[in-house]
Amino acid sequence: MNKNNFYKLSYKEKKVLFLFLLPLLSFIFLFVFIPILGTFINSFHRDLTFLPKKFIFLDNFKRLLTDNSFWQSIRFTLLFTFISVPLQLVIGFIFAILLNKAIPFRGLIRSIVLIPWAVPAAISARAWELIYNYNYGLAQYIIKSLGITQNQVNFLGSAWSAFWALILADSWKTAPFIAIIILAGLSSIPQEIYRQAKIDGAGFIYIFFKITVPIIKPIIIAALLFRTIDSLRIFDLIYVLTHGGPGGSTASASIYGYQFFLSGEFGYGSCVSVFLFIITFIISICYIKTARFGEKI
Amino acid sequence: MKESKIIYILTFSALCFTLVFCLTPLIYMFITSISDNPDFLAENKKFIFSLQNYKSLVLDDSLPFYKYIINSLAISSITALLCTFAGGLAAYAITRFPLKHKSFLMILILAVSMFPQISLVSCLFKMMSSLGCINTYTALALPYTAWTLPLSFWILTNYFEKIPQELDKAGLIDGCSRIQILFKIIYPTAKPGIFSAFILSFIFSFNEFLFALMLTTDSAARTIPVGIALFEGAHGQIPWGSIMAASIIAVSPVILITLIFQKNIIHGLTGGAVKI
Chain A
0 MNKNNFYKLS YKEKKVLFLF LLPLLSFIFL FVFIPILGTF INSFHRDLTF LPKKFIFLDN
60 FKRLLTDNSF WQSIRFTLLF TFISVPLQLV IGFIFAILLN KAIPFRGLIR SIVLIPWAVP
120 AAISARAWEL IYNYNYGLAQ YIIKSLGITQ NQVNFLGSAW SAFWALILAD SWKTAPFIAI
180 IILAGLSSIP QEIYRQAKID GAGFIYIFFK ITVPIIKPII IAALLFRTID SLRIFDLIYV
240 LTHGGPGGST ASASIYGYQF FLSGEFGYGS CVSVFLFIIT FIISICYIKT ARFGEKI
Chain B
0 MKESKIIYIL TFSALCFTLV FCLTPLIYMF ITSISDNPDF LAENKKFIFS LQNYKSLVLD
60 DSLPFYKYII NSLAISSITA LLCTFAGGLA AYAITRFPLK HKSFLMILIL AVSMFPQISL
120 VSCLFKMMSS LGCINTYTAL ALPYTAWTLP LSFWILTNYF EKIPQELDKA GLIDGCSRIQ
180 ILFKIIYPTA KPGIFSAFIL SFIFSFNEFL FALMLTTDSA ARTIPVGIAL FEGAHGQIPW
240 GSIMAASIIA VSPVILITLI FQKNIIHGLT GGAVKI
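First to last, the sequence lines map onto chains A and B. Counted from 1, the first sequence has number 79 at position 80 by numbering that gives the first Met the number 0; the numbering is strictly sequential. Counted from 1, the second sequence has number 210 at position 211 by numbering that gives the first Met the number 0; the numbering is strictly sequential.
This is the structure:
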């Protein structure tokens, strides 16, 4: 198809093109762009329930700079993302390599791997809450059965253990997603390459790092990008499992911002959201720069 | 030991790890739901089989989970329909008409679904309450549609691209309008793609939490994830049995969909990623 013959289209065809794009564009404009714009505008305002809205320009952002709980939430969000995403990549890779093999019941096993991804996070978080239950949870039972400790462990009671409890629950849900994406990459590699490498005497690990990974690198980066963006805005799992506790140590930026919306401080809450938005944007740009997406399209 | 034997053992242990990792929480959820007491793993306690938890879901009016499930199914179906419709129109336009900056436009549309939800939810709340939509299906179905449209648009674009334009030309010669071509020729030809787009938008809106939490103030209007997340029980004791029974009922439609349409889902999810 010729690239730039837009101007050659007849008036009638231009109208059709426009009308076909209109529903999608208007949905996105009305329910994504206008709210985002509103949040940006709000972040420059004092917007409290029962008080008249007032333009205060950068005062909210000044407050952010000295708000220790906010920086704690940003630190948690970044730490959570950059520990959980690589971990999920490793687990996802194991799943993907396995699913790419000619194992029996491959279709069924693929479906089973997909199930954690398909289950609503808020609902599985409730199951994790029961697993981590102090008195009779499954995790307690496993730890005692394995003889690791005989004392009751309060999994969600300390900042450190709650952090890892969240990472495990999050990985359960998202490693399958990474696996499915990587699997698509693996199955696109022709078997001929492997056969040739084996004839040349290449080992297991050599083949993996020197052949497999370089070929599917763009796909790995795409999976990492999706997961990182998703992890930076994590909300539902933490909301159900720890509520940001103990003592605000596991409050992600989304949880922290939500607390202000709940108490009616829309201006400051918007300011927190805008900050998260900017962080997400910058990190995405970094990914896209390293991967050089779009060159192939 | 031979290399093939090592590979066999590695594969087998990876398989066990995968199955245990993926299924344990769900099996635990299920066992708790059919247990008389949720503390069956504590010392001196035993597992006693009972269907009481499921019975109370139906009989007890203080557990309105069936309402939440209906809300969720309705909102997700409306969203999925709107997504396949609006996404299909746009995908048709983008694959059939020559357009400047096409890939830029496509990346821009995909970028929409990458914004943090928290950065729009407060304004959506104000918007919906000024329209008087809070607690209605509209308040959730419209933002969900906007949110999942980029995905269904990408999936459908992938599929529509593969359909030869000769089909369109034949249709045009026969005097069909573009919209007739889309619904009578393209949609039936791209059925697996339509399916993928429908199922994925359904799952995404069924699972969404933050919008559903903020945009419903009345407990009867909640969706099932919010209903289950906020359920604490009347007497301080968390009724784990009922919650797990409700969870099992709530996740069974998505699990069924996953088992049956595994191929469509994988196609839909990976199409975009592989393309980038």
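C-beta atoms are modelled at their ideal positions from N, C-alpha and C, and glycine is treated no differently.
Among all the DSSP beta bridges, which residues are the ones paired with residue i?
i	result
residue 42 of chain A	Residue 42 of chain A pairs with nothing; no bridge assigned.
residue 34 of chain B	B:48
residue 264 of chain A	A:47
residue 53 of chain A	A:45
Taking residue i as the query, report the chain A residues whose CB atoms sit under 7 Å from its CB, ordered along the chain.
i	result
residue 92 of chain B	16, 19, 20
residue 264 of chain B	113
residue 239 of chain B	129
residue 118 of chain B	35, 38, 272, 273, 275, 276
residue 202 of chain B	117
residue 269 of chain B	179, 180, 183
residue 111 of chain B	27, 31
residue 257 of chain B	110, 113, 114, 117
residue 64 of chain B	Correct list: empty, because the minimum Cβ distance to chain A is about 11 Å.
residue 58 of chain B	Ordered by position in chain A, no residue passes the 7 Å Cβ test against residue 58 of chain B, which lies about 22 Å from the chain.
Looking only at C-alpha atoms, which of the options sits nearest to residue i?
i	options	result
residue 153 of chain B	B:46, B:48, B:188, B:89	B:89
residue 197 of chain B	B:87, B:5, B:13, B:43	B:87
residue 139 of chain B	B:150, B:149, B:127	B:127
residue 246 of chain A	A:46, A:12, A:68, A:61	A:68
residue 29 of chain A	B:7, B:111, B:63	B:111
residue 161 of chain B	B:116, B:95, B:113, B:179	B:95
residue 268 of chain A	A:189, A:193, A:205, A:41	A:41
residue 155 of chain B	B:130, B:5, B:267	B:267
residue 45 of chain A	A:286, A:260, A:279	A:260
residue 159 of chain A	A:127, A:249, A:264	A:249
residue 114 of chain A	B:78, B:26, B:1	B:26
residue 270 of chain A	A:55, A:126, A:128	A:55
residue 73 of chain A	A:206, A:256, A:286	A:256
residue 129 of chain B	B:250, B:21, B:22, B:214	B:214
residue 21 of chain A	B:78, B:230, B:84	B:84
For a contact meaning CB atoms closer than 9 Å, what does residue i contact in chain A?
i	result
residue 206 of chain B	117, 118, 119, 120, 121, 122, 235
residue 236 of chain B	Near residue 236 of chain B there are no residues of chain A at all, since even the closest Cβ is about 12 Å away, more than 9 Å.
residue 89 of chain B	19, 20, 21, 22, 23, 24
residue 216 of chain B	Under the 9 Å cutoff, chain A gives no residues; its nearest Cβ is about 12 Å from residue 216 of chain B.
How would you list, in chain order, the residues of chain B whose beta-carbon sits under 7 Å from the beta-carbon of residue i?
i	result
residue 69 of chain A	Correct list: empty, because the minimum Cβ distance to chain B is about 13 Å.
residue 50 of chain A	Chain B residues near residue 50 of chain A: none, gap ~15 Å exceeds 7 Å.
residue 211 of chain A	Under the 7 Å cutoff, chain B gives no residues; its nearest Cβ is about 15 Å from residue 211 of chain A.
residue 134 of chain A	38, 41
residue 125 of chain A	227, 228, 242, 246
So which residues of chain A does residue i contact, with C-beta pairs closer than 8 Å?
i	result
residue 224 of chain B	119, 120, 121, 122, 235
residue 145 of chain B	26, 27, 29, 30, 31
residue 86 of chain B	23
residue 249 of chain B	119, 122
residue 166 of chain B	Here the premise fails: no neighbours, minimum Cβ distance about 15 Å.
residue 254 of chain B	114, 117, 118
Quick one: which chain B residues come within Cβ less than 8 Å of residue i?
i	result
residue 8 of chain A	96, 97
residue 175 of chain A	21
Could you work out which residues of chain B lie near residue i, taking near to mean beta carbons separated by less than 9 Å?
i	result
residue 260 of chain A	117, 120, 121, 124, 213
Does residue i have its Cβ less than 9 Å from a Cβ in chain C?
i	result
residue 41 of chain A	Protein chains A and B are contained in the structure displayed, whereas chain C is not.
Quiz item: Using 8 Å as the threshold, is the segment 28 to 40 of chain B in touch with the segment 227 to 247 of chain B, meaning 3 or more CB pairs across them?
Solution: Yes, the segment 28 to 40 of chain B is in contact with the segment 227 to 247 of chain B.
Exercise. Count the C-beta pairs between the segment 92 to 106 of chain A and the segment 271 to 282 of chain A that are closer than 8 Å, then say yes if the count reaches three, no if not.
Key: No, because fewer than three Cβ pairs between the segment 92 to 106 of chain A and the segment 271 to 282 of chain A fall closer than 8 Å, the two stretches do not touch.
Exercise. Scan the segment 265 to 289 of chain A for residues whose Cβ lies nearer than 7 Å to a Cβ of chain B and list them as they occur along the chain.
Key: Taking 7 Å as the Cβ-Cβ cut-off, the segment 265 to 289 of chain A approaches chain B at 265, 268, 269, 272, 273, 275, 276, 279, 283, given in chain order.
Quiz item: Is the segment 108 to 119 of chain A touching the segment 244 to 264 of chain B, taking contact as three or more C-beta pairs under 8 Å?
Solution: A contact exists between the segment 108 to 119 of chain A and the segment 244 to 264 of chain B.
Exercise. Give a yes or no on contact between the segment 119 to 128 of chain B and the segment 27 to 44 of chain A, applying the rule of three or more CB pairs nearer than 8 Å.
Key: Counting Cβ pairs under 8 Å, three or more are found: they touch.
Quiz item: Between the segment 34 to 51 of chain B and chain A, which residues of the former have a C-beta closer than 8 Å to a C-beta of the latter?
Solution: Here the close residues are 37, 38, 39, 40, 41, 44.
Quiz item: Name the residues in the segment 169 to 183 of chain B whose C-beta lies less than 9 Å from a C-beta of chain A; which are they?
Solution: Within the segment 169 to 183 of chain B, the qualifying residues are 176, 177, 178, 181.
Quiz item: So does the segment 201 to 210 of chain B actually touch the segment 131 to 146 of chain B, counting three or more Cβ pairs closer than 8 Å?
Solution: Enough Cβ pairs lie closer than 8 Å, so yes.
Exercise. Note down, in chain order, all residues in the segment 10 to 31 of chain B with a beta-carbon under 8 Å from any beta-carbon belonging to chain A.
Key: Answer in chain order: 10, 13, 14, 16, 17, 18, 20, 21, 22, 23, 24, 25, 27, 28, 31.
Quiz item: Using Cβ-Cβ distances below 9 Å, what residues of the segment 91 to 114 of chain A are close to chain B?
Solution: Here the close residues are 93, 94, 96, 97, 98, 100, 102, 106, 107, 108, 109, 110, 111, 112, 113, 114.
Self-check item: Interface residues of the segment 225 to 258 of chain A facing chain B [CB-CB below 8 Å]
Solution: Result list: 225, 228, 231, 232, 234, 235, 238, 239, 252, 253, 256, 257.
Quiz item: Which residues, in chain order, does the segment 157 to 173 of chain A contribute to contact with chain B at a C-beta distance below 7 Å?
Solution: Within the segment 157 to 173 of chain A, contact with chain B at the beta-carbon level (separation under 7 Å) is assigned to 171.
Quiz item: Is it true that the segment 178 to 187 of chain A meets the segment 203 to 222 of chain A, where meeting means three or more beta-carbon pairs spaced less than 8 Å apart?
Solution: The segment 203 to 222 of chain A and the segment 178 to 187 of chain A touch, with three or more beta-carbon pairs separated by less than 8 Å.
Quiz item: Within the chosen definition, does the segment 159 to 169 of chain A reach the segment 3 to 18 of chain B through at least 3 CB pairs nearer than 8 Å?
Solution: Contact between the segment 159 to 169 of chain A and the segment 3 to 18 of chain B is absent: fewer than three C-beta pairs spanning the two stretches fall below 8 Å.
Exercise. Scan the segment 129 to 163 of chain B for residues whose Cβ lies nearer than 8 Å to a Cβ of chain A and list them as they occur along the chain.
Key: Correct list: 141, 142, 144, 145, 146, 148, 149, 152.
Practice problem: Scan the segment 134 to 149 of chain A for residues whose Cβ lies nearer than 8 Å to a Cβ of chain B and list them as they occur along the chain. | Solution: Correct list: 134, 135, 136, 137, 139, 140.
Practice problem: Output, in sequence order along the chain, the residues in the segment 179 to 197 of chain A whose CB is closer than 8 Å to any CB in chain B. | Solution: Against chain B - using a Cβ distance shorter than 8 Å - the residues of the segment 179 to 197 of chain A are 179, 180, 182, 183, 184, 187.
Quiz item: Should the segment 166 to 175 of chain A be regarded as contacting the segment 220 to 237 of chain A, the criterion being three or more beta carbon pairs within less than 8 Å?
Solution: Because the criterion of three Cβ pairs below 8 Å is met, the segment 166 to 175 of chain A and the segment 220 to 237 of chain A touch.
Practice problem: Check whether the segment 98 to 112 of chain A touches the segment 253 to 261 of chain B, taking contact to mean three or more Cβ pairs, one atom from each stretch, closer than 8 Å. | Solution: Using a Cβ-Cβ distance cut-off of 8 Å, the segment 98 to 112 of chain A and the segment 253 to 261 of chain B are in contact, since at least three pairs of beta carbons, one from each stretch, lie closer than that value.
Exercise. Tell me, please, whether the segment 55 to 64 of chain B touches the segment 212 to 229 of chain B by the rule of three or more beta-carbon pairs shorter than 8 Å.
Key: Enough Cβ pairs lie closer than 8 Å, so yes.
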